[in-house]
Every structure is written in C-alpha cells, then in structure tokens.
Amino acid sequence: MKKSFLGLRELAGIFLDTFISKNIVLVQAIGLCPIVAIGINLKYGVALTVCTAAVLLPTSLCMSLWGSRIPSWLRPPVYTVAASLLLILAALVVDQWVSHELYASLYLFLPLMAVNTIFTYRAGGFSVSNRPAAALVDALGSALGFGLAICVVSGLREMAAFGTLWGKPLGFRLLLPEAVEPFAGFILLGFMAAFLKWVKSFADRKTAGKEDPV
Amino acid sequence: MPMGQYSWIGGKRMKLKKAEAPHLRQTERVAYMSLDLLIALVPLCIFSSIYYGLRPVLLVLTGLVTAVVCELLGSLVMRRRPTVADGNAAVIGGLVGAMMSPITPYWVPAVAAAFAILVVKMPFGGTGRHVFHPAAAALALCAVCFPTRVFTYPDPGLNVPIPLGDTAGVITALSPAEQLNSGAQISYHWITLLQGNFAGPIGATAIAVQLACMLYLFARHTASPLIVLPYLLTCAAGAALFPRTSGGVGNSVLMELCSGMLLFSGIYLLTDTVTAPRYWLGRVVYGILAGVLVMTMRHFGRSDQFPCTAFFAVLLVNALAPVIDRWCWRLVYTLRRRLQERMERRAVQ
C-alpha cells in the first residue's frame with residue numbers, strides 16, 4: 011500500500027537504508043557483476059556509477075508513477091527495455107561528449123547493466139509500491155550505495171595493480187597485477203561487507219548501551 | 056524424569072554419567088586430528104629431502120610457521136583466545152608448503168599460508184567454520200598469481216641437493232602431469248612411481264608413502280575412506296574410459312592417478328572434516344563428484360596454464376558440500392520412511 015505522506019525524516023531513512031545500513035551491494039549482494047568484472051580503476055567506477063544513476067532514477071520514477079497499472083508479469087520486460095533504451099542514450103552521451111576511450115572500455119558491460127539486478131529489485135520491487143518521492147530517494151540511495159562500493163573497490167584495485175589513482179601515479183609501486191582478476195574483487199567486497207557489519211554491530215552496541223544503561 | 060544421578064535400567068539401579076553438550080569420545084579431538092595430519096606429512100618431507108636436500112623441509116616449515124604466526128595475529132585482531140594450540144593452522148601451513156615445488160622461493164609458501172589463514176580461514180570464524188579448505192584456496196591463489204614459480208619442478212635424478220638459497224641454475228624437468236597435458240606418450244615403471252623418483256611437488260610424488268599415510272589416517276579415523284575411495288575409483292574409471300596416453304588401460308590409470316596432486320588432494324585436502332559432508336552417502340557423492348571434476352578439468356581445462364587442477368576441484372566441491380549433505384540425508388530418510396510405510400501396510404493386510 012502506498013503511504014500518503016512522507017516526511018523528510020522518512021526520506022532520509024530510506025536513503026540511508028539503501029546507501030549504508032542495507033547497502034545494495036555489500037548487504038543485499040545485488041549488482042556484483044560490474045564491480046567484480048570492470049571495477050579495476052576509479053574512472054570506470056565513477057562512469058558506471060553515473061550510468062547507473064542516470065538509468066535508475068528515471069526508471070524508478072516511471073515505475074512508481076505508472077508501474078501499478080502494468081500487470082506484474084509484464085513489468086520485468088518493461089523496465090528492462092526502458093533501462094536498455096536509457097543505457098543506449100547514456101552510452102551515446104559518454105561516447106560523444108565524455109570520452110571515446112571510456113566508451114570503448116565500457117561498451118561491453120553497459121548491456122549487462124541493463125539486466126542488472128539493481129533495476130529488478132529497486133525499479134521493479136520498491137518503486138512500484140511506493141510514492142514517487144520515496145522511489146526517487148531510494149533510487150538515489152541505491153545508485154550512490156553502488157557507487158560507494160564500486161569506487162572503493164576500483165580505487166583500491168587501481169592502486170594495487172597499477173600504482174595510480176584516477177590515472178595519476180601515486181609515487182609508490184605495489185604492483186600486484188593479480189588485483190585486476192575477478193577473485194580480488196570478490197575478496198575485497200567480502201572484506202568490505204565484513205567491515206560494514208562490524209561497524210554496524212559497533213553502532214548497535216552503542217545505541218543499545220545508551221537506551222538501557224546496565 | 057527428574058535430573059537425578061541414578062536411573063533404573065533393566066531392574067538395576069545404574070549410575071548416570073553427566074556429560075556436557077558436545078559428546079566427544081576423545082578429548083581435544085581437533086588437536087589429535089591435526090597431530091595425525093602433521094605426522095602424516097613428516098614422511099613425505101623426509102622422502103622429498105632424500106631427493107632434493109633440506110630445501111623442501113625448509114619450505115614446509117616456512118609455510119607452517121607463517122600460518123601459525125598469522126593465526127596468532129588473526130586471533131589478536133578478532134580479540135579471541137588464540138586457537139593455535141588446536142594445530143589446525145600448523146596443518147594448513149604444512150599442507151601449503153608440501154604442495155610447493157622444491158625450487159619455489161621461500162616467500163611463496165609464506166604468502167600462500169598467510170592468504171590461507173588471514174583470508175580463507177579467520178574471516179569465516181576460525182577453526183571448524185571455514186567453508187573452503189584454506190590450503191586448497193592458497194594453492195589456487197598461487198596457481199593464478201605465480202604459476203611458473205609453483206609448477207616448475209626440479210629433476211630428481213641429479214642426486215645433488217638443491218642449493219638452499221638461489222635456485223636459478225637448477226635443472227628442471229617436466230612432471231608427468233605436464234607431459235600428459237602436452238599429449239606425450241609416457242609410461243613410468245611402477246616402482247619409480249612408488250618411490251616418487253619423478254618431478255613433482257614436495258609432498259605429492261612418493262606414491263608409496265602417500266598410500267601408507269592414507270592407511271594411517273584411515274586407521275586413526277582422521278580421513279574417511281568413504282571420501283577417498285570413491286574419489287580414487289572415479290578418477291581411475293575416468294582414466295580407463297578416456298585414456299590420454301598409450302600403453303593400455305593399466306598404464307593410463309596408473310599415470311593419471313600418480314601425476315599431479317590428485318592423490319595428495321584426495322588424502323589431505325578432500326577429507327578435511329570441516330569442509331567435507333558428515334553423512335555417509337554425502338561423503339560418497341562428494342568423493343565421486345570431486346573425481347569427476349578432476350578428470351573433467353584434466354581433459355577440458357586450460358592445462359597449458361594449470362598443470363595441476365585437483366585443488367580447484369576441491370574448492371568447487373567444498374562449496375557444494377552442505378547441499379550434497381542435505382540432499383543425501385533427505386533422500387535416504389525419504390526412502391527409509393517409504394519402505395517403513397510399505398512394510399506397515401503389508402503387516403496390516
């Protein structure tokens with residue numbers, strides 16, 4: 011059921027939920043493929059974040075506005091097609107105005123992004139049953155949460171494998187060329203998920219201690 | 056029944072022994088199992104040092120010490136009581152060292168053992184909780200990251216000990232696994248194979264010693280024959296049905312079973328009680344599946360890059376172990392219940 015009114019506090023809660031506390035990648039394990047496969051330098055990471063946001067925000071908004079009128083069996087094809095169209099647009103923008111090189115390295119993975127589980131879960135699940143404002147905030151949180159994970163992973167992998175960050179040399183050479191391999195991405199994601207869990211349990215303990223001091 | 060100290064069994068007043076929840080027959084079972092595995096590693100090191108001098112022993116010790124140190128570090132970071140005393144870390148380090156080539160630089164087993172403990176074992180909760188066998192995962196890391204350092208083996212027929220330091224000038228030889236992969240027609244005399252007088256990893260050559268260790272581990276209930284025997288039989292069947300070398304079925308089976316880390320993985324990695332299924336049928340299926348995977352990888356895998364693939368197979372079946380266990384248990388349970396129902400129905404009629 012759609013809630014009639016959403017305060018700023020609720021919206022912030024929705025945002026923080028998908029951004030940090032139920033991070034779309036680290037807790038819900040959605041959208042791992044692009045991170046593991048091409049999250050190997052920060053530029054790709056940021057580009058993919060922007061692409062995700064550019065596709066997820068409009069899709070979520072549309073699904074929230076008109077999603078409930080589409081029968082549920084027809085929804086997956088509808089938003090997959092919508093996401094693909096938007097991604098083609100995004101690819102055109104990247105190719106024409108940003109950098110052809112970036113497009114050349116990403117083009118293989120943009121179609122994969124279109125059938126990414128992020129869209130299935132957020133656009134197809136959350137947005138349909140929520141108000142447009144909530145859906146937009148949720149989409150933003152999801153995109154930024156995905157961005158957080160992919161940027162950290164890709165930055166660390168770029169530093170480890172090439173000794174650079176955003177293409178600039180950092181002055182040291184770790185030179186672990188294996189960091190580019192998918193398994194390194196999985197291991198990094200695993201450790202980040204564990205770290206997030208640790209932080210959350212730490213925070214939980216603090217709040218629990220405040221509520222009833224023993 | 057009240058929580059009393061006595062009960063009446065068969066008209067006699069018997070004293071009840073109260074035992075706390077984990078009903079183990081042996082105290083400190085983990086430590087005993089680790090000790091068994093370490094004992095079973097010693098003869099392999101001795102045999103290897105006969106061919107290559109002291110270097111293999113030092114490599115195994117490097118892995119072992121690194122693993123123990125990393126376990127201590129991990130316990131410190133996780134603020135737990137150190138679990139080094141159960142010996143699991145030492146076994147993992149020793150196994151990692153035993154799978155190296157005798158001319159591997161010392162930092163490779165150190166890195167691999169550190170990876171095994173700090174990435175594969177401790178984050179999952181330490182001893183008894185890891186999903187994948189840490190030693191197998193460490194070897195997989197080595198295979199992906201520095202294959203030439205791990206899979207280049209010295210010639211054992213030189214009768215000169217390998218220098219402890221730089222090994223640049225040591226004459227290398229192709230291991231049987233690589234020869235099989237390249238499609239060469241090979242046949243070793245079975246005595247050569249039993250003696251381990253062929254190029255290969257530190258612990259995975261002396262076949263006779265490995266078989267003896269296997270029997271020792273069976274006798275001590277540390278390794279389960281229900282895993283190892285189906286695994287070996289499946290591999291043998293695969294080798295007999297799809298031979299890669301000439302010389303008849305016997306030669307093919309002998310060469311496939313003795314090359315690479317097939318036997319070693321079966322005895323030491325596959326039987327790890329933490330990662331293997333617990334149920335008897337689960338264990339049999341697990342062994343068969345591992346055998347099928349090993350032989351499939353040998354036939355269709357990227358054998359030019361990875362001459363040894365047994366540890367990849369171990370990792371894959373590790374992931375499936377809980378599912379296999381559950382399904383097998385359910386299957387047997389359902390069958391048994393149906394049988395019982397049928398018997399009851401007959402008794403009523």
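Taken in order, these protein sequences are the chains called A and B. My numbering puts the first residue of the first sequence at 11, with every later residue one more than the last. My numbering puts the first residue of the second sequence at 56, with every later residue one more than the last. Cβ coordinates follow ideal geometry from the N, Cα and C atoms, glycine included.
**Message:** I want to see whether chain B comes within less than 8 Å of glutamate 111 of chain A, judged by CB atoms only; does it?
**Reply:** No, its Cβ sits nowhere closer than 8 Å to a Cβ of chain B.
**Item:** Amino acids of chain B, ordered along the chain, whose beta-carbon sits closer than 7 Å to that of isoleucine 225 of chain A
**Value:** No answer is possible for residue 225 of chain A: the residues shown for chain A start at 11 and end at 224.
**Request:** Could you please give the first and the last residue of the uninterrupted alpha helix (DSSP H) stretch that includes alanine 153 of chain B?
**Result:** 143 to 153
**Request:** From the DSSP output, read off the bridge partner residues of alanine 228 of chain B.
**Result:** B/Tyr208
**Item:** Amino acids of chain A, ordered along the chain, whose beta-carbon sits closer than 8 Å to that of valine 304 of chain B
**Value:** Under the 8 Å cutoff, chain A gives no residues; its nearest Cβ is about 38 Å from valine 304 of chain B.
**Request:** Taking all protein chains shown into account, decide if histidine 188 of chain B is buried (16 or more other Cβ within 10 angstroms of its Cβ) or exposed.
**Result:** buried
**Request:** Tell me, please, whether the CB atom of phenylalanine 193 of chain A is closer than 8 Å to any CB atom in chain B?
**Result:** True, the Cβ-Cβ gap to chain B drops below 8 Å.
**the region 233 to 244 of chain B touching the region 307 to 318 of chain B, judged by at least three CB pairs closer than 8 Å** = yes
**Prompt:** Which residues in chain A sit within 7 Å of proline 231 of chain B, going by Cβ to Cβ distance?
**Reply:** Under the 7 Å cutoff, chain A gives no residues; its nearest Cβ is about 28 Å from proline 231 of chain B.
**Prompt:** Would serine 152 of chain A be called buried (16 or more neighbouring beta carbons within 10 Å of its own) or exposed?
**Reply:** The residue in question, serine 152 of chain A, is buried, as its Cβ has 16 or more Cβ neighbours within 10 Å.
**Item:** Where valine 199 of chain B meets chain A, residues with beta-carbon distance less than 8 Å
**Value:** Glu188, Glu191, Phe193
**Asked** Do we get a CB-CB distance below 8 Å when we pair alanine 204 of chain A with the residues of chain B?
**Response** yes
**Request:** Assess, as a yes-or-no matter, whether the region 376 to 393 of chain B is touched by the region 319 to 333 of chain B under the definition of 3 or more beta carbon pairs within less than 8 Å.
**Result:** yes
**Asked** Using DSSP with H/G/I as helix, E/B as strand and the rest coil, what is threonine 174 of chain A?
**Response** strand
**Message:** On the DSSP bridge list, what partners appear for proline 179 of chain A?
**Reply:** A/Thr174
**Request:** Return the Cβ separation of serine 82 of chain A and arginine 141 of chain A in integer angstroms, given the expectation that the two are a contact with Cβ distance under 8 Å.
**Result:** With a contact defined as Cβ atoms closer than 8 Å, serine 82 of chain A and arginine 141 of chain A miss out at about 19 Å.
**Beta-carbon contacts of proline 218 of chain B that lie in its chain and below 6 Å, excluding the five residues immediately before and after** = none
**Prompt:** If you count every other CB in all the chains shown that lies within 10 Å of the CB of threonine 389 of chain B, and 16 or more means buried, which is it?
**Reply:** exposed
**Request:** Express the C-alpha separation of phenylalanine 179 of chain B and methionine 56 of chain B in angstroms, rounding to a whole number.
**Result:** Confidence at methionine 56 of chain B is low in this model, with a pLDDT of 41, below 50, so its placement is unreliable and the value that follows should be read with caution. Cα-Cα distance, rounded: 40 Å.
**Prompt:** Hey, quick one: how far does the alpha helix (DSSP H) through glycine 305 of chain B stretch, first residue to last?
**Reply:** From DSSP, the alpha helix (DSSP H) with glycine 305 of chain B extends over 303 to 313.
**Message:** On the CB-based measure, 16 or more other CB atoms within 10 Å of its CB, does threonine 82 of chain B come out buried or exposed?
**Reply:** Summary for threonine 82 of chain B: the model assigns pLDDT 48, below 50, so the residue's position carries little reliability, and this model does not support an answer.
**Asked** CA-CA distance, arginine 184 of chain B and lysine 176 of chain B?
**Response** The alpha-carbon atoms of arginine 184 of chain B and lysine 176 of chain B are separated by roughly 8 Å.
**C-beta contact flag for proline 231 of chain B and methionine 155 of chain B at 8 Å** = Not in contact: proline 231 of chain B and methionine 155 of chain B (Cβ atoms no closer than 8 Å).
**Item:** Three CB pairs or more closer than 8 Å across the region 190 to 202 of chain B and the region 140 to 157 of chain B
**Value:** yes
**Request:** Let me know if leucine 96 of chain A comes out buried or exposed under the rule of 16 or more other beta-carbons within 10 Å of its beta-carbon.
**Result:** buried
**Prompt:** Nearest to methionine 133 of chain B by CA position, among A/Arg215, A/Ala204, A/Arg183, is which residue?
**Reply:** A/Ala204
**Prompt:** Can you tell me where the alpha helix (DSSP H) with tyrosine 131 of chain A in it begins and where it stops?
**Reply:** Counting along the chain, tyrosine 131 of chain A falls outside any alpha helix (DSSP H), and DSSP gives it neither H nor E.
**Message:** Taking 8 Å as the threshold (beta carbon to beta carbon), is proline 178 of chain B in contact with chain A?
**Reply:** yes
**Asked** Is glycine 49 of chain A helix, strand or coil by DSSP?
**Response** coil
**Request:** Count the other CB atoms, across all protein chains shown, that sit within 10 Å of the CB of isoleucine 246 of chain B; report buried if there are 16 or more and exposed otherwise.
**Result:** exposed
**Message:** Restricting to runs no shorter than 4 residues, where is the alpha helix (DSSP H) found entirely within the region 23 to 98 of chain A?
**Reply:** 42 to 48, 52 to 76
**Asked** In this structure, does DSSP put glutamate 191 of chain A in helix, strand or coil?
**Response** In the displayed model, glutamate 191 of chain A falls within coil according to three-state DSSP, outside both helix and strand.
**Request:** Report the rounded CA-to-CA distance for asparagine 33 of chain A versus serine 89 of chain B, giving the unit in angstroms.
**Result:** 40 Å
**Request:** Confirm, please, whether the CB-CB distance from leucine 348 of chain B to isoleucine 282 of chain B is below 8 Å.
**Result:** Their beta carbons are not under 8 Å apart, which means isoleucine 282 of chain B does not touch leucine 348 of chain B by this criterion.
**Request:** Tell me whether the beta-carbon of glycine 49 of chain A lies closer than 8 Å to the beta-carbon of valine 163 of chain A.
**Result:** Contact flag set, yes.
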